[in-house]
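Colleague: First residue of the sequence shown? That's 3 in this note's numbering, and the numbers climb one at a time after it.
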Amino acid sequence: MNILVINCGSSSIKYQLIDMRDEKIVTKGVVDRVGLEGSVIEQKTPGMDKVVIKESMEDHRVALKYLLKALVDEEYGAINSMDEIYAVGHRVVHGGEKFASSVVIDEEVMKVIEDCVELAPLHNPPNIMGIEACQELMPETPMVAVFDTAFHQTMTPESYMYAIPYKYYEKYGIRRYGFHGTSHKYVTVRTAELLEKDQKDLNIINCHLGNGSSLCGVKHGESRETNMGFTPLAGLPMGTRSGNIDPAIITFLMEKEDITFEEVNHILNKESGVLGISGLSSDFRDLELAEEDGNERAKLALDLFIKGVKKYIGAYMATMGEEVDAIVFTAGIGENSAYLRERICDGLESMGIELDKSKNDIRGKEAIISKDTSKVKVMVVPTNEELMIARDTLKLTK
3 MNILVINCGS SSIKYQLIDM RDEKIVTKGV VDRVGLEGSV IEQKTPGMDK VVIKESMEDH
63 RVALKYLLKA LVDEEYGAIN SMDEIYAVGH RVVHGGEKFA SSVVIDEEVM KVIEDCVELA
123 PLHNPPNIMG IEACQELMPE TPMVAVFDTA FHQTMTPESY MYAIPYKYYE KYGIRRYGFH
183 GTSHKYVTVR TAELLEKDQK DLNIINCHLG NGSSLCGVKH GESRETNMGF TPLAGLPMGT
243 RSGNIDPAII TFLMEKEDIT FEEVNHILNK ESGVLGISGL SSDFRDLELA EEDGNERAKL
303 ALDLFIKGVK KYIGAYMATM GEEVDAIVFT AGIGENSAYL RERICDGLES MGIELDKSKN
363 DIRGKEAIIS KDTSKVKVMV VPTNEELMIA RDTLKLTK
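In structure tokens, the structure reads:
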């Protein structure tokens with residue numbers, strides 16, 4: 003029973019075909035430079051060489067047409083016909099307050115996703131294009147929307163409201179939504195499995211650390227705290243995003259630099275974070291190497307990031323109201339950087355967090371990396387958002 007998982011970006015489409023009988027990947031790939039010169043599909047099927055397909059793909063509909071053709075190609079395809087695709091799961095970034103879980107896509111669902119475009123103008127439009135293209139090309143195949151925001155809909159008002167006039171929440175829905183919800187949900191489920199406990203009996207702090215980063219305080223299996231906000235710009239300093247800043251900085255820069263809000267928004271989203279501090283790179287691997295070579299600004303960028311993670315861990319441990327069972331690292335940095343995991347945990351011993359340096363010497367593997375005496379377990383759990391999307395899709399369409 004194959005589920006096709008689609009993740010549409012503004013100029014790319016990531017995809018996986020997963021056989022849900024054993025949750026194994028049948029094939030996966032990426033369509034890059036959609037709508038641009040040099041568009042290409044790269045597809046990798048287990049046991050076969052990587053396939054590279056170069057075609058002109060002026061929009062997502064054309065790109066998906068070539069993608070689906072690649073899946074069934076006689077020479078390098080992974081399945082014999084489109085009938086072998088049972089359903090399609092679409093990653094959708096923003097579902098607003100309407101959706102606290104994944105849903106089968108119908109006209110009403112599409113309208114809500116479209117209404118959320120103003121909340122996620124960079125993400126929801128390509129998500130919509132991907133859904134519409136699949137509906138046109140696969141009209142009889144069930145489609146499911148899996149929202150990045152859904153997992154965080156269990157937050158209580160004191161966690162999601164901003165201290166601005168309440169009328170703006172009522173009129174425009176301005177509140178904390180949180181993102182990376184599919185990742186946080188998968189990691190929560192998998193952590194409970196690894197600890198052989200019911201997730202309702204656990205309190206976990208998930209650290210999804212990558213080019214985009216967010217932490218999530220999970221109490222009894224439900225999101226209660228997260229540090230991204232109305233948009234993914236809030237929270238930690240990230241690869242190119244500023245994270246939390248004094249909002250008056252925006253108007254100050256507009257006046258002093260004589261620039262528009264759009265220009266400030268670009269600076270905060272694309273030129274800030276560890277790139278802005280270091281002046282070197284948004285890639286944390288580059289910064290680690292530069293710090294080793296004595297680059298002070300690279301060190302400063304990493305110090306800001308590490309201190310930010312520590313602050314949120316401490317805050318969530320304080321507000322959880324119960325003992326925390328595990329701190330879980332995931333995503334590109336969380337899964338692969340033993341150095342940053344060690345530095346984040348350093349100094350948290352008074353909070354019951356004791357890292358075992360020898361156990362921490364791993365990359366991309368599930369593991370408990372805390373000392374046996376640690377009151378709070380420290381874990382690495384590689385995320386698998388595609389599998390979570392496929393599971394939700396199967397559950398809703400079976």
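The beta carbon of each residue, even a glycine, is placed where N, CA and C say it ideally should be.
(1) Quick test of your reading: residue 321 and residue 284, contact by CB under 8 Å. State the CB separation rounded to the nearest angstrom.
(2) If you reduce the DSSP assignment to three classes, tell me which class residue 368 lands in.
(3) Considering only the beta carbon of each residue, do residue 371 and residue 361 sit closer than 8 Å?
(4) If you reduce the DSSP assignment to three classes, tell me which class residue 256 lands in.
(5) Would you call residue 216 buried or exposed, if buried means 16 or more other Cβ atoms sit within 10 Å of its Cβ?
(6) Residue range of the alpha helix (DSSP H) that residue 393 falls in?
(7) Please state whether DSSP places residue 268 in a helix, a strand or coil.
(8) Compare the C-beta of residue 320 with all C-beta atoms of chain B and state if any pair is closer than 8 Å.
(9) Report yes or no: do the segment 121–139 and the segment 61–70 share at least 3 C-beta pairs separated by less than 8 Å?
(10) Can at least three beta-carbon pairs, one atom from the segment 211–230 and one from the segment 186–197, be found at a separation below 8 Å?
(11) What residues are listed by DSSP as bridge partners for residue 357?
(12) Using the Cβ count rule (16 or more neighbours within 10 Å means buried), how would you classify residue 82?
(13) Count the other CB atoms, across all protein chains shown, that sit within 10 Å of the CB of residue 167; report buried if there are 16 or more and exposed otherwise.
(14) With DSSP as the reference, identify every bridge partner of residue 306, one or two as the case may be.
(15) Cα separation between residue 176 and residue 118?
(16) Quick one: what's residue 331 bridged to in DSSP?
(17) I need the boundaries of the beta strand (DSSP E) containing residue 15, first residue and last residue.
(18) Determine whether the beta carbon atoms of residue 42 and residue 54 lie at a separation below 8 Å.
(19) If we ignore side chains and look at the alpha-carbon of each, how far apart do residue 16 and residue 311 end up?
(20) Compute the Euclidean distance between the alpha carbons of residue 187 and residue 258, then round it to the nearest angstrom.
(21) Please determine if the segment 105–121 and the segment 144–158 are in contact, where contact requires at least 3 C-beta pairs separated by less than 8 Å.
(22) Check residue 341 in the structure and name its three-state DSSP category.
(23) Which one or two residues does DSSP pair with residue 439 in a beta bridge?
(24) I need the straight-line Cα distance from residue 344 to residue 270, nearest angstrom please.
(25) If you draw a straight line from the C-alpha of residue 1 to the C-alpha of residue 232, how long is it?
(26) Please confirm if the segment 202–214 is in contact with the segment 294–301, defined as three or more CB-CB distances below 8 Å between the two stretches.
(27) Less than 8 Å between the CB atoms is what I'm expecting for residue 92 and residue 132, so what's the real figure, rounded?
(28) Among 24, 40, 248 and 94, which residue has its Cα nearest to the Cα of residue 130?
(29) Going by C-alpha to C-alpha distance, which of 49, 75, 74 and 33 sits closest to residue 57?
(30) When the Cα atoms are used, what is the spatial distance from residue 171 to residue 126?
(31) Helix or strand or just coil, what does DSSP make of residue 279?
(32) So, for residue 286: in the same chain, excluding its five sequence neighbours on each side, which residues have a beta-carbon less than 6 Å away from its beta-carbon?
(33) Just how far apart, CA to CA, sit residue 120 and residue 390?
Modeller: Quick look at the numbers:
(1) At roughly 30 Å, the Cβ-Cβ gap does not stay under 8 Å, so residue 321 and residue 284 are not in contact.
(2) In this structure, residue 368 counts as coil in the three-state DSSP scheme.
(3) yes
(4) helix
(5) buried
(6) 387–399
(7) Three-state DSSP puts residue 268 in a helix.
(8) No chain B is part of this structure, which consists of one protein chain only.
(9) yes
(10) yes
(11) 372
(12) Residue 82 comes out exposed.
(13) exposed
(14) Answer is none; residue 306 lacks a bridge partner.
(15) 12 Å
(16) 209 and 382
(17) Counting along the chain, the beta strand (DSSP E) containing residue 15 begins and ends at 14–21.
(18) In this structure, residue 54 lies closer than 8 Å to residue 42 by Cβ.
(19) Taking the CA atoms as reference points, residue 16 sits about 29 Å from residue 311.
(20) Near 43 Å, if we compare the C-alpha coordinates of residue 258 and residue 187.
(21) yes
(22) When secondary structure is reduced to three states using DSSP, residue 341 falls in the helix class.
(23) No information on residue 439 is available, as it lies outside the stretch 3 to 400 that the chain covers here.
(24) 28 Å
(25) Nothing can be reported for residue 1, as the shown portion of the chain is limited to 3 through 400.
(26) no
(27) 6 Å
(28) 94
(29) 33
(30) Residue 171 and residue 126: Cα-Cα distance of roughly 21 Å.
(31) helix
(32) Excluding positions up to five away in sequence, the list reads 335.
(33) 26 Å
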